[in-house]
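What follows is a short report on a single structure.
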Amino acid sequence: MKSETIYQIILSVLADEATNEEHILFSQWIKKSEENRKEYNRIKRLYQISLRLPKETRVDTEQAWQIVRNQTIDKKKIFKFPVWTRYAAMVAIIVSLGIILFNEEVPSDTLSQMEQIDIKEFVEPTLLLENGEKIALSEESFSIKQEQVVIKNDKDNKLVYEAKKEVTKKTVLNNHLVIPKGRTYRLHLEDGSRIWLNSESELIYPEQFIGDKREVTLIGEAFFEVTPNPEKPFFVKTKGIEIIVLGTSFNVSCYGKENTISTTLVEGSVSIHTEQGEKQIITPSEQFTYNKKNHLTNIQTVNTELYTSWINGKYIFKDATLEEIIDKLQRWHDIYPNYMEEELKSKRFSITIDRQSTLDQILEVISFTSDVKLEKAGNSINIKKQRREE
54 MKSETIYQII LSVLADEATN EEHILFSQWI KKSEENRKEY NRIKRLYQIS LRLPKETRVD
114 TEQAWQIVRN QTIDKKKIFK FPVWTRYAAM VAIIVSLGII LFNEEVPSDT LSQMEQIDIK
174 EFVEPTLLLE NGEKIALSEE SFSIKQEQVV IKNDKDNKLV YEAKKEVTKK TVLNNHLVIP
234 KGRTYRLHLE DGSRIWLNSE SELIYPEQFI GDKREVTLIG EAFFEVTPNP EKPFFVKTKG
294 IEIIVLGTSF NVSCYGKENT ISTTLVEGSV SIHTEQGEKQ IITPSEQFTY NKKNHLTNIQ
354 TVNTELYTSW INGKYIFKDA TLEEIIDKLQ RWHDIYPNYM EEELKSKRFS ITIDRQSTLD
414 QILEVISFTS DVKLEKAGNS INIKKQRREE
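With my numbering applied, the sequence shown corresponds to residues 54 to 443, in that order.
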């Protein structure tokens with residue numbers, strides 16, 4: 054099959070416009086070799102990036118194609134089309150983007166990379182490797198041998214990195230762990246640090262820490278137990294704050310759609326730097342919060358168990374609003390609350406929820422212990438006052 058033909062077919066598949074014959078040819082091609090699968094993943098990533106570009110930054114197709122033709126790269130990867138079609142135009146944009154993104158010396162932004170992921174597309178925990186490979190983390194034990202490390206997946210929802218004794222290549226290779234709704238995962242990094250990732254969370258981290266610092270990037274929620282190393286501090290990057298530690302235990306909640314980022318310290322100490330240059334140090338049982346909209350910060354003393362109990366399979370709420378409880382449940386269940394009265398959102402509860410409980414059981418407990426009735430209607434939860442008979 055000619056190279057221009059397969060790239061036309063790939064773009065047809067990505068655009069959901071492929072015919073039955075094209076789907077068959079695509080399936081045969083991608084199964085033919087590992088190299089073909091990697092090439093497809095590369096084109097898919099670039100295609101998705103091109104769709105997200107603002108109109109003002111999109112590349113002119115004629116200009117893009119000329120750039121591609123003039124580049125001194127492997128000519129085998131330049132696909133010339135006998136007819137100028139819309140597929141050729143799209144490929145020109147994609148390849149030029151590929152040159153810009155991967156061949157130019159432009160620093161990668163891990164947060165931007167994470168924001169390009171639609172976590173709703175994932176149904177199980179997934180490991181994304183630097184080469185574009187996606188590995189579904191099933192409930193089975195297996196090992197993956199990489200150049201720098203051996204990655205071991207445990208059937209108990211745990212991913213362990215073991216560094217090889219001799220590493221000659223000093224290139225940072227990042228991995229991207231995606232945890233979908235309703236799941237959690239544990240991660241043991243090669244330095245011995247342990248991380249618990251909560252539902253709807255993402256973490257980018259190197260296979261092996263190289264240089265004078267250890268750095269990871271988080272969207273969502275995670276609990277960290279960082280192995281002490283005064284010579285190599287540990288950095289947690291989020292959208293709004295950066296947390297610097299030497300060795301400590303703490304929880305970070307930084308979901309993209311929420312206005313507040315919180316860091317709750319269990320033991321040790323951490324230094325927190327905001328985007329505005331503010332620096333704060335917190336001590337055990339203190340919680341630092343940062344508002345992404347107005348940039349206000351706050352430090353308060355808290356019961357850390359209320360913010361870390363999720364790693365033990367339960368949620369403990371103390372004087373929490375019903376809205377806060379429902380928001381937590383939405384990270385585990387595909388539900389949409391429908392409050393019949395606005396004031397019900399501020400109704401307060403103290404309750405412990407086992408994450409193994411079914412949604413029906415949880416709704417029943419809340420309804421039984423209060424004057425609020427929660428009724429399931431498909432994916433909606435109708436929330437209203439209930440009258441109890443005397």
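Just so it is clear, CB atoms sit at the ideal spot from N, CA and C, and this is done for glycine as well.
Asked	Found
Buried or exposed: which applies to Pro178, given that a residue is buried once 16 or more other Cβ atoms fall within 10 Å of its Cβ?	buried
Report yes or no: do the stretch 358-368 and the stretch 325-338 share at least 3 C-beta pairs separated by less than 8 Å?	no
Starting from the Cα of Arg440, find the closest Cα among Ile406, Ser423, Ile419 and Lys429 and give me that residue.	Ser423
Using 8 Å as the threshold, is the stretch 429-440 in touch with the stretch 377-393, meaning 3 or more CB pairs across them?	yes
Ignore the nearest five residues each way along the sequence and tell me which others in Gly245's own chain have a CB closer than 8 Å to its CB.	Thr280
Anyone know if the C-beta pair for Glu183 and Asn210 falls short of 7 Å?	no
Tell me whether the beta-carbon of Val323 lies closer than 7 Å to the beta-carbon of Thr301.	yes
Quick one: Cα of Trp137 to Cα of Glu88, how far?	Low confidence applies to Trp137: its pLDDT is 34, below 50, so where it sits in the model is not reliable, and the reading given next is rough at best. For Trp137 and Glu88, the distance between alpha carbons rounds to 27 Å.
Are there 16 or more other CB atoms within 10 angstroms of the CB of Asn251, so buried, or fewer, so exposed?	buried
Could you have a look at Val305 and say whether DSSP puts it in helix, strand or coil?	strand
Can you give me the C-alpha to C-alpha distance between Gly264 and Ile296, rounded to a whole angstrom?	18 Å
For Phe402, does the three-state DSSP call read helix, strand or coil?	strand
For the beta strand (DSSP E) holding Asn228, just list the boundary residues, first then last.	Asn227 to Ile232
Just the C-alpha distance for Gly273 and Gly309, rounded to the nearest angstrom, thanks.	7 Å
Exposed or buried, Phe421, counting other C-beta atoms within 10 Å across all chains shown (16 or more means buried)?	exposed
When DSSP builds the beta bridges, which residues end up paired with Gln333?	Ile325
Is it true that the CB of Glu243 sits closer than 7 Å to the CB of Val202?	yes
For Ile436, report the span of its beta strand (DSSP E) as first-last.	Ser433 to Lys438
Out of Ile232, Ile406 and Ser165, state which residue places its alpha-carbon closest to the alpha-carbon of Thr291.	Ser165
In or out: Pro259 buried (at least 16 other Cβ within 10 Å) or exposed?	buried
In this structure, how does DSSP classify Lys97 when only helix, strand and coil are distinguished?	helix
What is the residue span of the alpha helix (DSSP H) that Asn73 lies within?	Asn73 to Lys85
Compare the Cα-Cα distances from Cys307 to each of Gln261, Glu200, Glu168 and Thr354 and report the closest residue.	Glu168
Could you tell me whether the Cβ atoms of Leu175 and Val231 are closer together than 7 Å?	The residue you asked about is not Leu; residue 175 is Phe in the sequence shown. Result yes, Cβ atoms of Phe175 and Val231 sit closer than 7 Å.
By Cβ distance, which residues of its chain are closer than 8 Å to Lys371, with the 5 residues on each side in sequence left out?	Asn356, Leu359 and Ser403
Please name the residue in Gly235, Lys198, Asp207 and Thr224 whose C-alpha comes closest to that of Lys217.	Lys198
Does Ser403 have its Cβ less than 7 Å from a Cβ in chain B?	The structure shown contains no chain B; it is built from a single protein chain.
I need the DSSP call for Ser191, collapsed to helix, strand or coil.	coil
Taking 7 Å as the threshold (C-beta atoms), are Glu339 and Ile352 in contact?	yes
Beta strand (DSSP E) containing Thr313: first to last residue?	Thr313 to Glu320
Locate the alpha helix (DSSP H) running through Lys381, then write down its first and last residues.	Leu375 to Gln383
Quick one: give me the first and last residue of the beta strand (DSSP E) that Ser254 is part of.	Ser254 to Pro259
From Ile63, Gly330, Leu349 and Asp171, pick the residue whose C-alpha is nearest to that of Lys234; which is it?	Asp171
So what does DSSP say about Arg239, is it helix, strand or coil?	strand
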